[in-house]
Amino acid sequence: MRTVVMLSYHYPPLGGVAVMRALRFTRYLPEHGWKPVVVAVQGGGREPRDPQLLEEVPPEAEVHRVACLEPDNYSDSWEHPRQKIVRNLFKTFDFVLFPDDRALWIGPAARKAVELVRKYRADALWATAQPFSTLVAGLRVHRRTGVPLVVDFRDDWTTSNADFRRHSPGRQKREIALEAEILSAASAVVTVTPGIVDALRARKPPGTSDDKFHLLPNGFDPAHFPPRNGARQGTDFRILHAGGMYPRRDPRVFLEGLRRFLDAHPEARAHTRVRFAGRVDDRSRPLLEAGDLRGVVECPGFLPHRRVREELQASDVLLLLLEQVKTVHWLYSGKIFEYIAARRPILAPNPPDSPISEIIRETGIGEVVAPDSPGEVAAALSRLYERRNQPIEAAPAVVARYDARSQTGELARILESCCG
């Protein structure tokens, strides 16, 4: 069995969507002949915790957690632009912590990974971002050991990333140069969306082959979603949004559409429940807790992944709100794939020509409405309300495309191609 050292800041017992990609890969890599040796953070500052996920780490995996100083969440001050003192503090840190607020993890993580590469004579090194500091740690390990480096971009770095755009031009140039170093040194570059693939290819250093870049979308763990009857019986109309709420994920159009739906169907108010399961920022909370929606909208906070899966499969509608950014046309939301796996109808206020909209149309499992039209939201809710107890079927071939077991097989092939 070959060995891959995997650098992932986020890993159980941390929770949330950032954990899931690395966890799924480590779970299924042993089936493809690879032993995963994980280097993750110990602590994780204010990141959510989900200790139940530790049960999913396979016995073949070896996990090493490395502590570092965590200057917690100073970047959150940008959600409160009127707080001048906090904003200026961020500007001070801007020149100290590079390339992001997890930079103090680079040294400890790289040292541990070098130790493990040498101990196991590892065949490959895999590093996933965000945080992009993890890729820097991977670059250091590669330079010290010569082990082939595979970098994994779960998010774009220097095209659409909001934190990047807030930095000074000088800082942006440094980050672009660092990204180019990493792209040049890596034996393979893996990304989760076609848009990020295109953006990275456009920024690739001279002499870098397009063949270095690979698309490997996020997916779902088939063990979490066994086959089930698509019909759900009951009078309740349950709508679930799984994931955090923050300024770039704006619920106002959906909430206005919800109000119009309830006005048109007053009999539905008593048994309509909309749950926003995840952290809610200070700007979104007053919108979600508005008095006229009291008793309809609920905010239970962060839930363990196991509980989220249960709620996904028990819901009548799964709400998908995307970030309101210019590059929404080529971004995915990681939750879309578990939504599909749950085989419940999806409601997505989203541009019709976006990749997310195309996936929903391919699977035939939901409705895409204009992101700026409360009227379309209300009409879609009315249709979904009338069909809430009808069975649904998703296109099997499309669903299988996002099965984590087969996706991990593709990652194993990429790793093998780098080893020679």
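The sequence shown begins at 1 in our numbering and counts up by one.
Beta carbons are placed, not taken as given, at the ideal position from N, Cα and C, and that holds for glycine.
Inclusion of V150 and L178 in the CB contact set at 9 Å is not warranted, their separation being larger than that value. Uninterrupted beta strand (DSSP E) stretches at least 3 residues long and entirely within the stretch 248-289 occur at 272-277, given in chain order. If you look at V308, you'll find it in the alpha helix (DSSP H) that goes H305 to A314. Relative to P206, the option among A188, L183 and A223 whose CA is nearest is L183. Under the criterion of beta carbons closer than 8 Å, R344 and L318 qualify as touching, at roughly 5 Å. In this structure, I360 sits away from A188, with a CB-CB distance that is not shorter than 9 Å. Per DSSP, reduced to three states, the secondary structure at E367 is strand.
Boundaries of the alpha helix (DSSP H) harbouring M20: V17 to Y28, taken from the DSSP string. I106: member of the alpha helix (DSSP H) spanning I106 to Y120, first to last residue. Beyond the five residues adjoining it in sequence on each side, K204 comes within less than 7 Å, by CB distance, of L183 in the same chain, given in chain order. Buried is the label assigned to A22, since at least 16 other Cβ atoms lie within 10 Å of its Cβ. Note: V197 is not bridge-paired with any residue in the DSSP secondary-structure output. Judged by their CB atoms, P30 and E60 are nearer to each other than the 9 Å cut-off. Where R65 is concerned, the enclosing beta strand (DSSP E) starts and stops at E62 to A67. A distance below 9 Å separates the beta carbons of G366 and Y339. Contact between V5 and V37 holds: CB atoms are separated by about 5 Å, below the 8 Å threshold.
Beta-bridge analysis with DSSP links R344 to no other residue. Residue range W34 to Q42 is occupied by the beta strand (DSSP E) that includes P36, with no alpha helix (DSSP H) assigned at that position.
Excluding residues up to 5 positions away in sequence, F132 and E179 lie with their Cβ nearer than 6 Å to the Cβ of W157 in the same chain. In the structure shown, H241 falls within a strand segment according to DSSP collapsed to helix, strand and coil. In chain order, D210 and F213 place their CB closer than 7 Å to the CB of R201, counting only its own chain and leaving out the 5 sequence neighbours on each side.
Only buried fits H241, as 16 or more other CB atoms lie within 10 angstroms of its CB. Of the residues R154, Y28 and Y332, the one whose Cα lies closest to the Cα of S357 is Y332. In the DSSP assignment, A185 falls within the unbroken alpha helix (DSSP H) covering P169 to A185. For V150, the uninterrupted beta strand (DSSP E) run begins and ends at L149 to F153, by DSSP.
Fewer than three Cβ pairs drawn from the stretch 344-355 and the stretch 262-277 lie within less than 8 Å of each other, which leaves the two stretches out of contact.
The DSSP-derived three-state label of T235 is coil. In the displayed model, H142 falls within a helix according to three-state DSSP.
The three-state reading of DSSP puts V377 in helix, counting H, G and I together. Contact check for D50 against P304 passes: the beta carbons are separated by less than 9 Å.
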